[in-house]
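Note that numbering that gives the first Met the number 0 numbers the first sequence so that position 92 is 91, with each residue one more than the last.
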Amino acid sequence: MAKWLFKTEPDTFSIDTLKQQKVSCWEGVRNYQARNMMRDAIKVGDEVFIYHSSCKDVGVVGIATVIKEAYPDHFQFDPQSPYFDPKSSPENPRWIMVDIEYQRHLRLVSLKRLKANPALAEMPLVKRGNRLSIMPVTDAQWQEILTMTGQF
DNA sequence: GCCAACGTTGGC
DNA sequence: GCCAACGTTGGC
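As structure tokens, then:
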């Protein structure tokens, strides 16, 4: 099973919200590279690090699993939604989402620590100017980050 | 709030 | 197909 990292702004949707809901769709991905990964590679059973961005405590905060593979993100059709895309249509949807299920919180592994770890230097996350909201994580990187939590 | 980095758009 | 302008992301 593959492993991934999903970014979210906790002011909009946090790991705590996911825990309360237990399951959630992952809507609002509006980047072609991220979309293509969801479409082509993200499968039921894959594990996902949840990452909090644009907030006080930036970093990896928990784990979820994929429970539903790519299907159309209906927010793209809703003019009231911030994720509305006027160029998309139900007949030819442009954007998709997956569903995930909460697994557990992790003790925060801050971006600062991720950047300081040479074993993680190849992660898109720690590269300069990174903007990818969904990215693959290798088994080795996954284990390294788990080790950094001290929780395994 | 600032600003660097990046993706997208659109004129040509 | 190039590339400048623009909008967005995201750390700080």
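Positions of the beta carbon are idealized from the N, C-alpha and C atoms, including for glycine.
field: Beta-carbon spacing of L17, A63 below 8 Å
entry: Here residue 17 corresponds to residue number 18 of the first sequence, with the count starting at 1. Here residue 63 corresponds to residue number 64 of the first sequence, with the count starting at 1. Yes, Cβ-Cβ distance for L17 and A63 is below 8 Å.
query: In chain order, which continuous runs of the alpha helix (DSSP H) of length 4 or greater are located wholly inside the segment 59 to 134?
result: 110 to 115
query: Would you call G58 buried or exposed, if buried means 16 or more other Cβ atoms sit within 10 Å of its Cβ?
result: As a position in the first sequence, residue 58 is number 59, starting the count at 1. Buried.
message: Classify F83: buried if its beta carbon has 16 or more other beta carbons within 10 angstroms, exposed otherwise.
response: One-based indexing of the first sequence puts residue 83 at position 84. It counts as exposed.
message: Between K42, I99 and D72, which has its C-alpha nearest P92's C-alpha?
response: Here residue 92 is taken as the residue at index 93 of the first sequence, counted from 1. Of K42, I99 and D72, the residue nearest in Cα terms is D72.
task: Go to I144, then tell me how far its beta strand (DSSP E) extends in each direction, as first and last residue.
output: As a working note, residue 144 is residue 145 in the first sequence. Element bounds for I144: not the beta strand (DSSP E) but the alpha helix (DSSP H), D138 to T148.
query: For K223, which of helix, strand or coil comes out of DSSP?
result: Here the chain covers residues 0 to 151 and nothing more, so residue 223 does not appear.
query: What separation, rounded to the nearest whole angstrom, lies between the Cα atoms of S13 and G27?
result: Start at 1 with the first residue of the first sequence, and residue 13 comes out as number 14. Start at 1 with the first residue of the first sequence, and residue 27 comes out as number 28. Near 14 Å, if we compare the C-alpha coordinates of G27 and S13.
Buried versus exposed, by CB contacts within 10 Å (16 or more), S53: Here the question's residue 53 lines up with position 54 in the first sequence. Exposed.
message: Based on DSSP bridge pairs, tell me the residues matched to C24.
response: As a first step, residue 24 is located in the first sequence; it is residue number 25 there, counting from the start. Answer is D98, bridged to C24.
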